[in-house]
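Chemist: Counting in my numbering, the final residue of the sequence shown is number 686, and the numbers go up one at a time with none missing.
The beta carbon of each residue, even a glycine, is placed where N, CA and C say it ideally should be.
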Amino acid sequence: MKFYNYDIVFQEIPDETALAINLTNCPNRCDGCHSPHLWQDIGQELTEDVLRNLLDKYRQMITCVCLMGGDGQRNEVESFAKYIRENTSLKMAWYSGREQLPSNLESFDYVKLGRYVPACGGLKSRTTNQRLFKIEENKMEDITARFWK
Ligand code: SF4
């Protein structure tokens, strides 16, 4: 599982300051994709050492780690989430471009589902097909409307 870059973001997950890591090799090929460079198999391997270095640097600033993409390596995304859950007190989020929930839902605090459809718009659009769920005690709450206020 490789990543292209990362950033500290404030709007992707409501009420959280997230270290967003942009994964590459995206297989979804959505029409109107905002980041077609992420379709390529490029970037740096996201190893535990790399993650530890990122957390050493940013842990004091963030409340959440958010993986952006990774639908071609879903097992690795799920292992990563488990690692975060077991080794940190940070929340774990995943922006997937598919409709399929992770099998280990208990390792996630937030999951965004759905491909990008230009006619529907992204999460900030009231007509979006995408959904952001908050997960607590294995219950899912659709909080997509938080982006519309
Ligand atoms: S999931 Fe995201 S990165 Fe992948 S093709 Fe769709 S919009 Fe682009």
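For LYS594, which of LYS619, SER616 and LEU556 has the nearest alpha-carbon?
Modeler: Here residue 594 is taken as the residue at index 57 of the sequence shown, counted from 1. Ranking LYS619, SER616 and LEU556 by Cα distance to LYS594 puts LEU556 first.
Chemist: Would you report the Cα separation of GLY651 and THR665, rounded to the nearest angstrom?
Modeler: The count along the sequence shown starts at 1 and reaches residue 651 at position 114. The count along the sequence shown starts at 1 and reaches residue 665 at position 128. Going by the C-alpha atoms only, they are around 9 Å apart.
Chemist: Can you check which of these residues, VAL614, ILE621, LEU583 and GLU615, is closest to THR600 by C-alpha distance?
Modeler: Locating residue 600 in the sequence shown gives position 63, counting from the first residue. The residue with the shortest Cα to Cα distance from THR600 is ILE621.
Chemist: Judging by CA-CA distance, which residue of ARG635, MET605 and LYS686 is the nearest neighbour of ILE501?
Modeler: Residue 501 lies beyond the stretch modelled for the chain, which goes from 538 to 686, so this question has no answer here.
Chemist: Please list, in chain order, all residues of the same chain as CYS567 whose beta carbon is under 8 Å from its beta carbon, the five residues on each side excluded.
Modeler: As a working mapping, residue 567 is identified with position 30 in the sequence shown. Excluding residues within five positions, the ones whose Cβ falls inside 8 Å are GLY634, ARG652, TYR653 and VAL654.
Chemist: Can you list, in chain order, the residues of its chain with a C-beta nearer than 8 Å to that of ALA618? Leave out the 5 residues immediately preceding and following it.
Modeler: The residue you call residue 618 lines up with position 81 of the sequence shown. Counting only Cβ-Cβ distances below 8 Å, and skipping sequence neighbours, we find LEU604, MET629, TRP631, PRO639, ASN641, SER644 and PHE645.
Chemist: With PHE617 as the anchor, note down where its alpha helix (DSSP H) starts and where it stops.
Modeler: In the sequence shown, residue 617 corresponds to position 80, counting from 1. Unbroken alpha helix (DSSP H) run through PHE617: 611-624.
Chemist: For SER662, verify whether its CB is less than 7 Å away from any heavy atom of the ligand SF4.
Modeler: Within the sequence shown, numbered from 1, the residue matching residue 662 stands at position 125. No; taking the cut-off as 7 Å, the Cβ of SER662 has no heavy atom of the ligand SF4 nearer than that.
Chemist: LYS594 by DSSP, collapsed to three states: which one?
Modeler: Locating residue 594 in the sequence shown gives position 57, where the first residue counts as 1. Three-state result, LYS594: helix.
Chemist: Put LEU583 into one of helix, strand or coil per three-state DSSP.
Modeler: As a working mapping, residue 583 is identified with position 46 in the sequence shown. Of the three classes helix, strand and coil, the one that applies to LEU583 here is coil, per DSSP.
Chemist: Could you please go through the chain and list the residues whose beta-carbon is closer than 7 Å to any non-hydrogen atom of the ligand SF4?
Modeler: Output, sorted by chain position: CYS563, ASN565, ARG566, CYS567, CYS570, HIS571, SER572, PRO573, LEU575, TRP576, GLY606, ASP608, GLY634, ARG652 and TYR653.
Chemist: By Cβ distance below 6 Å, which residues in the same chain neighbour PRO551 in space, the five residues on each side in sequence not counted?
Modeler: For the purposes of this step, residue 551 is taken as the residue at position 14 of the sequence shown. Correct list, in chain order: ARG683.
Chemist: Go to VAL602, then tell me how far its beta strand (DSSP E) extends in each direction, as first and last residue.
Modeler: Within the sequence shown, the letter at position 65 stands for residue 602. Run containing VAL602: 601-605, per the beta strand (DSSP E) assignment.
Chemist: What residues match up with VAL648 in a beta bridge as DSSP calls it?
Modeler: Numbered from its first residue, the sequence shown carries residue 648 at position 111. Beta-bridge pairing links VAL648 to TRP631 and PHE670.
Chemist: May I ask which residues mark the beginning and end of the beta strand (DSSP E) holding GLU678?
Modeler: On the sequence shown, residue 678 is found 141 positions in, with the first residue counted as 1. Unbroken beta strand (DSSP E) run through GLU678: 676-679.
Chemist: By DSSP, does ALA682 sit in helix, in strand, or in coil?
Modeler: Indexing the sequence shown from 1 puts residue 682 at position 145. Residue state, collapsed to three classes: helix.
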